[in-house]
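Peer 1: This structure is in structure tokens; I'll ask about it shortly.
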Amino acid sequence: MIWIDTIIQGILLGGLYALFASGLSLVFGIMRLVNLAHGDLIVMGAYLILVLVTLLGISPFIAVLIAMPLMFVFGYVLQKHLLNRTLGDDILPPLLVTFGLSIALQNALLEGFSADSQRLPTNALTTASLDIGPITLGVMPLLTFGSAVLVIVGLNQLFYRTELGRAFRATSDDAITASLMGIKPANIFATATGIALVIVTIAALYLGLRANFDPNIGPARLIYAFEAVIIGGLGSLWGTLLGGVIIGVAQTLGAAINPEWQILSGHIAFLLVLLIRPRGLFPRASD
Amino acid sequence: MAYSVTIQTPASRIAALLGIVVIVVLIALPFFAGRSTIQDMFFILTMLVLAQFWNLLAGYSGLVSIGQQALVGIGAYALFGAVILWGVDPVPAILFAGIAALVIAVPTAFFAFRLNGAYFAIGTWVIAEVVRLLVAQWKTLGGGTGTSLPRDATRDMWFVDLIKETLDVRSAAARDILAYWLALVLALVTIGCIYWLLRTRRGLALAAVRDNTQAAESVGVDAGRMKWIVFLSSAFGTGLAGGLIYMQKARISPDAAFSVTDWTAYVIFIVVIGGIGTIEGPILGVLVFFALQSLLADFGSWYLMTLGVLAIAIMLVAPRGLWGLVSERTGLHLFPIRRRLSGGRLKLEEK
Amino acid sequence: MSLLQTKELTAHYGDFQALFGVDIELGEAETIAIIGANGAGKTTLMRSISGVLRNDPNAVTYDGTPIGASPADEIMSQGVAMVPEGRRLFPSLSVEENLLIGTYGRKIKGHWTLDTVYELFPILGERRNNPGTALSGGQQQMVAIGRALMSNPRVLLCDEISLGLAPVVIKDIYQAIPQIKTAGASLIVVEQDIAQAMAVADRVYCMMEGRVTLTGTPDSLSRDDIHDAYFGAGH
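Residue numbers (this note's numbering), protein chains in the order written: chain D, 777 to 1063; chain E, 2 to 352; chain F, 3 to 237.
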């Protein structure tokens, strides 16, 4: 029974990783940009929510609603004025610029908030749990997983049911021809990064509610997100959720055997998938 | 009029002469410089070696690795393992550092080469994390807290007595001087080998692979094989540097030896600031980096923030770095690689 | 006054100069054809007009305003639409979505809607939910033309719309041109197929090596004139 419990906790943890990963996947899918500062942006989101909670005395769930548009604007401006200038055939500029951004962000957060760990305030709801038969499920992990599913459903709707989604797909296919159709690729890219940062903010909420965070934990979140994306197969959002779940389950199983093995087991699961299915579980037909 | 293809430039001949002078001064440095200068120079030279190898990967082969800390760390741990477990003298144990990095590089390349471009970068990072976590489980070498080199091993190290007597210094200073000379040899050999590699037919092929893998393959360049050669040779060199750095430190822990900031971020900044894709770039970059560190290191996170922002600015404004600006203005090439056509005239528009 | 005009238009790809001072003119309700061999600079000219390649602002004027330095999306929004060489449909979009992309972000009034495009090319209506790239070459070309028409352009640039298609398919596609003209568009048609170009155009420009070598109405040009302008004298 303990194993079933462990696996279920792992699946729910996978929801958090899928939230980390969805923004990364979105940005990569549309502009082939891997943002190495993604993890640090999640941490920055968590600090933004913390600041809003502290300054305004509101619940984190309200604060996230204020943080989302702010992060959207930040993402839009970041993409439009910095990252768009790095896009092209050469992979070095985007990698090195986002790597520089990652280091700069981490240290700006260190300067602003010190290296002390922080946590978003929890209440009765967030610490509550449900008993389903012999298994106890935390409300928080359930909310996280539910949010991940909602985000993925929402992104799929956006992609396949809206005019903006059509423009996303067209620009991703062929930016030059898209511009001949009246689309401004620079704005499409900026909007995509803005949306990615809205998802990042949701991920940040759960990151901060579930555990302590400090300015240095960004890179590890980037790695989990990356593993989930690769396991799922580039461009498949449901694959990304499954990838998150695989990492989550591997981590909780590893931790059940020996707490020191938690992170390691996640990485090993990733390498195993890479070994067996180099293009992930649900690769997109093209590229 | 006949065509001739040359590689040398007048500047490169002068540079070669100047280079010999600089090398002689560097070799003789311990005879007149103080211990802190020697330690600074050791830092500069070892960072230069790491930077040259990262540049060979990223700048010449398009393999952007963020996992160099795996090679530094495993090299350092191999040195400690050989000294502590097998009683090997630290100086020859440096060779084990290179070999261990080579051994780790084979599975790393096997996995990471399955990932393209940007994902290769994070793939190398994941593997570095795996190696760090595994090494932290190695209880004989101190697990997560780390360990030190045994005192008698460092005291009886090869050449230390000789240096002590010749230069009349204490044994701690003699160890630093030994490490410095080893670092100097490593740096010179590294630059020499990379320069040689880039001037061979292989080197030309490398540029072709970076610019366009498919096109290079269509004219018969085996891109896959070139990637392996470059990846493994830079792993070996990076491992040697890792071993040497920790031989000098004489104290190790997984977090320090596998630090992504110290062994990859700094190295990337050195190359980007100096000029990616040139041999001169990392040399200039490491000097600028050292100057910045001396000026700003007391400011802690402000310092790193500055480096991050500087790297972004350089990538956007002058993607070929400071050396790129210099050689653009002056046409200077200290390590010319490009073959230049002279004599004759090209007529593009013949009617 | 002409609707669209290029003046002393030059273009470079790196060190390679592709156009050397090209002057062309398109009048209201006119159709011009640009013919020439491979590498004559026809596609470069289309890319310069449509804004894929940027130029001096005054090198291209449209409706009296300089557009030579404007980005492609602005030029398109002002009413110059392009059917690019090689069709370039969006593979992740269905036929209908490919057509709708032509109206992105704008409310457009005019003759061309999904319905009228499906009337023009009935096969597209039948296959509206297929991925654009699952269609035959000729049908893909119809999608590319329809996609450009959806913005109800005043100028339609057609780059090599017959390239790689069977003669019978080319005939089908060219049958649509009179209807497009009637709906109010002026056309610039780039063709390697001289006969086809002569049949639809009011005036013809012949290009060679980045320059215009011959201009005139189709009936004023002799076969020999065209041959010389096309391949250079002495061939």
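The beta carbon of each residue, even a glycine, is placed where N, CA and C say it ideally should be.
(1) With a threshold of 8 Å, are at least 3 pairs of Cβ atoms found where one atom belongs to the region 16-30 of chain F and the other to the region 42-55 of chain F?
(2) Whole angstroms is fine: what's the gap from Ala174 (chain E)'s alpha carbon to Ile315 (chain E)'s?
(3) So, helix, strand or coil for Ile867 (chain D), using DSSP?
(4) Just curious, the beta strand (DSSP E) that Asp25 (chain F) is in, first and last residue?
(5) So the candidates are F:Pro155, F:Leu55, F:Ile36; which of them puts its Cα closest to the Cα of Arg213 (chain F)?
(6) In chain D, what lies closer than 7 Å to Trp126 (chain E) by C-beta?
(7) Report the CB separation of Phe796 (chain D) from Gly970 (chain D) in whole angstroms; it is logged as a contact under 8 Å.
(8) Taking a contact to mean a Cβ-Cβ separation below 7 Å, would you say Pro836 (chain D) touches Leu918 (chain D) in this structure?
(9) Quick check on the DSSP output: the alpha helix (DSSP H) that includes Gln70 (chain E) runs from which residue to which?
(10) In the structure shown, what three-state DSSP assignment does Phe848 (chain D) receive?
(11) So, does the CB of Arg942 (chain D) fall closer than 7 Å to a CB anywhere in chain F?
(12) Could you tell me how far apart the beta carbons of Thr33 (chain F) and Val202 (chain F) are, in whole angstroms, since I believe they sit closer than 8 Å?
(13) My guess is that Asp221 (chain F) and Val192 (chain F) are in contact by the Cβ rule of under 8 Å, so how many angstroms apart are they, rounded?
(14) Give the residues from the region 879-899 of chain D that approach chain E closer than 7 Å (Cβ to any Cβ), ordered along the chain.
(15) Rounding to the nearest angstrom, what Cα-Cα distance links His857 (chain D) and Asp58 (chain F) in this structure?
(16) Using only the alpha-carbon positions, how far apart do Leu913 (chain D) and Leu906 (chain D) sit?
(17) Sorted by chain position, which residues of the same chain lie with C-beta nearer than 7 Å to Leu57 (chain E)'s C-beta, five sequence neighbours on each side aside?
(18) Taking the C-alpha atoms as reference points, what is the distance between Leu167 (chain F) and Ala199 (chain F)?
(19) Can you give the Cα-Cα distance for Leu245 (chain E) and Ala180 (chain E), rounded to whole angstroms?
(20) Taking only beta-carbon atoms, is His1043 (chain D) less than 7 Å away from chain E?
(21) What runs of the beta strand (DSSP E), each 3 residues or longer, lie entirely inside the region 70-123 of chain F?
(22) In this structure, how does DSSP classify His229 (chain F) when only helix, strand and coil are distinguished?
(23) Short of 7 Å in beta carbon distance, which residues of its chain neighbour Ser1041 (chain D), apart from the five on each side in sequence? Order them along the chain.
(24) Quick test of your reading: His814 (chain D) and Leu826 (chain D), contact by CB under 8 Å. State the CB separation rounded to the nearest angstrom.
(25) Would you report the Cα separation of Thr201 (chain E) and Val54 (chain F), rounded to the nearest angstrom?
(26) Could you pull out every residue in the same chain whose Cβ sits closer than 7 Å to the Cβ of Leu349 (chain E), ignoring the five residues on either side in sequence?
(27) Hey, how far is the Cα of Leu831 (chain D) from the Cα of Leu846 (chain D)?
(28) With DSSP as the reference, identify every bridge partner of Met209 (chain F), one or two as the case may be.
(29) Give me the subset of the region 88-122 of chain E whose CB atoms are less than 8 Å from a CB atom of chain D, sorted by chain position.
(30) Can you give the beta carbon distance from Leu872 (chain D) to Ala312 (chain E), rounded, assuming they're within the 8 Å contact cut?
(31) Taking only beta carbons into account, state which residues of the region 56-81 of chain F come closer than 8 Å to chain D, listed in chain order.
(32) Applying a beta-carbon distance threshold of less than 7 Å, which residues of chain D neighbour Pro320 (chain E)?
(33) With 7 Å as the C-beta to C-beta threshold (strictly closer), list the residues of the region 84-100 of chain F near chain D in chain order.
(34) With a threshold of 7 Å between beta-carbons, can Leu1048 (chain D) be considered close to chain E, or not?
(35) Any idea which residues DSSP pairs Glu193 (chain F) with across the strands?
(36) Given this structure, state the Cα-to-Cα distance separating Gly345 (chain E) from Pro11 (chain E), to the nearest angstrom.
Peer 2: In short, the structure shows the following:
(1) yes
(2) 38 Å
(3) coil
(4) 18-28
(5) F:Ile36
(6) Ile999
(7) Not a contact, Cβ separation roughly 18 Å.
(8) no
(9) 69-87
(10) helix
(11) yes
(12) 6 Å
(13) Wrong, their Cβ atoms sit about 21 Å apart, outside the cutoff.
(14) Ile879, Ala880, Asn883, Ala884, Leu886, Glu887
(15) 24 Å
(16) 5 Å
(17) Ile195, Val231, Ser235
(18) 15 Å
(19) 7 Å
(20) yes
(21) 82-85
(22) helix
(23) Ala1026, Gln1027, Leu1029, Gly1030
(24) That pair is no contact at about 19 Å.
(25) 40 Å
(26) For Leu349 (chain E), the pLDDT reaches just 44, beneath the cut-off of 50, and the residue's location in the model is therefore unreliable, although a value from the coordinates is still provided. Same-chain partners within the cutoff: there are none.
(27) 16 Å
(28) F:Gly38, F:Val214
(29) Phe112, Arg115, Leu116, Gly118, Ala119, Tyr120, Ala122
(30) 6 Å
(31) Pro73, Ala74, Asp75, Met78, Ser79
(32) Pro869
(33) Met84, Pro86, Arg90, Phe92, Pro93, Ser94, Leu95, Glu99
(34) no
(35) F:Ile37
(36) Confidence at Gly345 (chain E) is low in this model, with a pLDDT of 48, below 50, so its placement is unreliable and the value that follows should be read with caution. Looking at the two C-alpha atoms, the distance is approximately 20 Å.
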